[in-house]
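As given, the protein sequences belong to chains A and B, one line each in that order. Start counting the first sequence at 2; every next residue gets the next number (the working numbering). Start counting the second sequence at 5; every next residue gets the next number (the working numbering). So the structure is just underneath, and the comments pick up after that.
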Amino acid sequence: MSHTISYIAGMCCGIAAVFLLVLVIRILCRRHQSISKILSTEITYDERQILARGKAYQTAFLVLVGYVLAASFLDELLNCPVLMSFGGLWLGVCLSILVFVCICIWKDAYLSLQENAKEFNIMGIVISILNLIPGFLSLSRKQPFLVNGSISYRYINLMVGGLFLLITLLFDLKLIYDKRAEE
Amino acid sequence: MKNLKLKSARAAKDMSQQDLATAVGVSRQTINAIEKGNYNPTIHLCIAICKVLDKTLDELFWEDE
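This is how it looks when you write it as structure tokens:
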């Protein structure tokens with residue numbers, strides 16, 4: 002896989018822009034308390050949620066280990082490198098995140114004490130749309146899903162978009178389930 | 005085992021699960037889980053609940069045989 006200098010320079014500029022933005026926000030937060038309050042990132046979970054999240058982390062970690070082992074097994078023993086690429090390993094990361102989030106949602110440990118369902122839904126939908134647009138653009142340009150037998154990195158956006166859409170749907174289904182259980 | 009003592013003490017104070025949860029700094033689902041017997045709270049949380057409901061630990065969390 003070879004890229005042009007302009008492509009690599011674009012990637013580097015993008016990463017640098019994100020770091021710069023985070024740095025500026027941090028400096029502004031330190032200097033102005035009002036901005037810090039608006040952009041408050043303080044997240045607290047209660048003791049039951051911390052316990053449930055710990056178990057969810059454990060399960061997600063084991064899923065990721067299993068996925069990496071499966072990817073290595075497929076590559077080394079069966080000579081099938083389908084999962085041994087940036088895109089392939091991202092699929093594993095998405096899978097383990099999905100496991101973690103599913104367990105947290107089911108055990109009511111996903112939202113912190115400061116967050117609410119509306120905020121979560123808006124964030125989930127925005128992130129999924131932002132990722133699905135470039136994902137579908139890759140599809141429309143007929144970029145191959147497999148490059149040299151491995152999953153292409155060009156489909157990462159589609160994976161992440163799908164992941165967030167699924168998480169948002171699961172979250173809303175759990176809300177509906179809880180409301181019906183209360184009735 | 006369901007904690008009916010907690011539920012009745014909360015009802016006697018005319019508090020919803022959300023009210024109690026906010027008062028002790030946990031989520032509503034945690035109070036719900038304690039009342040349903042699905043979660044054993046730490047002593048720290050038990051004391052916080054007792055203080056809010058004006059009850060002793062024995063009155064709310066000691067299981068009668």
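A virtual CB, placed ideally from N, CA and C, is assigned to each residue, including glycine. Here the structure is a predicted model, which means the values were calculated and not measured.
C-beta neighbour in chain A for B:V56, strict 9 Å: Counting from one through the second sequence, the residue named residue 56 of chain B turns up at place 52. Output row for B:V56: interface = no.
Tell me which same chain residues have a C-beta within less than 8 Å of the C-beta of B:Q21, skipping the five on either side of it? Numbered from 1 along the second sequence, position 17 holds the residue referred to as residue 21 of chain B. In the same chain as B:Q21, and ignoring 5 residues on each side of it, the C-beta atoms closer than 8 Å to its own belong to R14, R32, I35, N36 and E39, in chain order.
May I ask which residues mark the beginning and end of the alpha helix (DSSP H) holding A:K119? The count along the first sequence starts at 1 and reaches residue 119 of chain A at position 118. Following the DSSP letters along the chain, one finds A:K119 inside the alpha helix (DSSP H) bounded by residues A118 to S141.
Cβ pair count under 8 Å reaching 3, the stretch 152-171 of chain A against the stretch 79-95 of chain A: At 8 Å Cβ cutoff, the stretches touch.
Rounded separation between A:R181 and A:K175 - CA only: Taking the first sequence and counting its residues from 1, the one referred to as residue 181 of chain A is at position 180. Taking the first sequence and counting its residues from 1, the one referred to as residue 175 of chain A is at position 174. So the alpha carbons of these two residues sit roughly 10 Å apart.
So, does the stretch 43-54 of chain A touch the stretch 100-115 of chain A, judging by three or more C-beta pairs under 8 Å? Counting Cβ pairs under 8 Å, three or more are found: they touch.
Who are A:L147's beta bridge partners in DSSP? Residue 147 of chain A sits at position 146 when you count from the first residue of the first sequence. According to DSSP, A:L147 bridges with A:I152.
Listing by chain order, which chain A residues have their CB less than 9 Å from the CB of B:S31? For the purposes of this step, residue 31 of chain B is taken as residue 27 along the second sequence, with counting starting at 1. The CB of B:S31 comes closer than 9 Å to the CB of Y46, D47, R49, Q50, D109, A110, L112, S113 and L114 in chain A, given here in chain order.
Below-9 Å beta-carbon distance, B:A37 vs any chain A residue: One-based indexing of the second sequence puts residue 37 of chain B at position 33. Yes, because at least one Cβ of chain A sits closer than 9 Å to the Cβ of B:A37.
Got a sec: is the Cβ-Cβ distance from B:T60 to anything in chain A below 9 Å? To locate residue 60 of chain B, count along the second sequence from 1; it is residue 56. No, its Cβ sits nowhere closer than 9 Å to a Cβ of chain A.
Assuming contact is defined by CB atoms lying nearer than 9 Å, are A:D47 and B:G29 in contact in what I supplied? Within the first sequence, residue 47 of chain A is the residue found at index 46, counting from 1. Within the second sequence, residue 29 of chain B is the residue found at index 25, counting from 1. Closer than 9 Å, so yes.
What do you get for A:V102, buried or exposed, if any count of 16 or more other CB atoms within 10 angstroms of its CB means buried? Walking along the first sequence from the start, residue 102 of chain A turns up at place 101. A residue is called buried once 16 or more other Cβ atoms fall within 10 Å of its Cβ, and A:V102 is buried on that count.
Look at the alpha carbon of A:D76 and the alpha carbon of A:V148, and state the distance between them as a whole number of angstroms. The sequence position of residue 76 of chain A within the first sequence is 75, counting from 1. The sequence position of residue 148 of chain A within the first sequence is 147, counting from 1. Here the alpha carbon of A:D76 sits roughly 15 Å from the alpha carbon of A:V148.
Roughly how far, in whole angstroms, is the beta-carbon of A:C95 from the beta-carbon of A:L29, given that I think they are within contact range, below 8 Å? Taking the first residue of the first sequence as 1, we reach residue 95 of chain A at position 94. Taking the first residue of the first sequence as 1, we reach residue 29 of chain A at position 28. Not a contact, Cβ separation roughly 32 Å.
Determine whether the beta carbon atoms of A:A71 and A:V100 lie at a separation below 9 Å. In the first sequence, residue 71 of chain A corresponds to position 70, counting from 1. In the first sequence, residue 100 of chain A corresponds to position 99, counting from 1. Not in contact: A:A71 and A:V100 (Cβ atoms no closer than 9 Å).
DSSP-derived helix/strand/coil call for A:H33: Translated into positions along the first sequence, residue 33 of chain A becomes position 32. It is coil, neither helix nor strand.
Residue-level contact to chain A via CB, B:L10, 9 Å cutoff: Locating residue 10 of chain B in the second sequence gives position 6, where the first residue counts as 1. No, B:L10 does not count as interfacial toward chain A.
Excluding the 5 residues preceding and the 5 following B:D58 in the sequence, name in chain order all residues of the same chain whose CB lies nearer than 8 Å to its CB. Position 54 of the second sequence, counted from the first residue, corresponds to residue 58 of chain B. If you ignore the 5 residues before and after B:D58, its C-beta comes within less than 8 Å of the C-beta of K17, all in its own chain and listed in chain order.
Return no unless some Cβ of chain A is closer than 9 Å to the Cβ of B:L24. Counting from one through the second sequence, the residue named residue 24 of chain B turns up at place 20. At a cut-off of 9 Å between C-beta atoms, B:L24 does not count as an interface residue with respect to chain A.
For A:L171, which residues from the same chain have a beta carbon less than 7 Å from its beta carbon, with the 5 sequence-adjacent residues on both sides left out? What you label residue 171 of chain A is simply residue 170 of the first sequence in a count that begins at 1. Same-chain partners within the cutoff: C103 and I106.
Answer yes or no: do B:C50 and B:E63 have a C-beta to C-beta separation smaller than 9 Å? By one-based count along the second sequence, residue 50 of chain B stands at place 46. By one-based count along the second sequence, residue 63 of chain B stands at place 59. Against a cut-off of 9 Å, the Cβ pair of B:E63 and B:C50 comes out as no contact.
For A:S97, which residues of its own chain have a beta-carbon under 8 Å away from its beta-carbon, when the five flanking residues on both sides are left out? If you number the first sequence from 1, residue 97 of chain A lands on position 96. The residues are A61, F62, V64, L65 and Y68.
Return the CA-CA distance between A:C13 and A:S129, expressed in angstroms with no decimal places. Position 12 of the first sequence holds residue 13 of chain A. Position 128 of the first sequence holds residue 129 of chain A. So the alpha carbons of these two residues sit roughly 24 Å apart.
Can you give me the C-alpha to C-alpha distance between A:Q59 and A:R49, rounded to a whole angstrom? Position 58 of the first sequence, counted from the first residue, corresponds to residue 59 of chain A. Position 48 of the first sequence, counted from the first residue, corresponds to residue 49 of chain A. Rounded to whole angstroms, A:Q59 to A:R49 spans 16 Å at the Cα level.
In whole angstroms, what is the alpha-carbon distance linking A:F146 and A:L138? For the purposes of this step, residue 146 of chain A is taken as the residue at position 145 of the first sequence. For the purposes of this step, residue 138 of chain A is taken as the residue at position 137 of the first sequence. Approximately 13 Å, taken between the alpha carbons.
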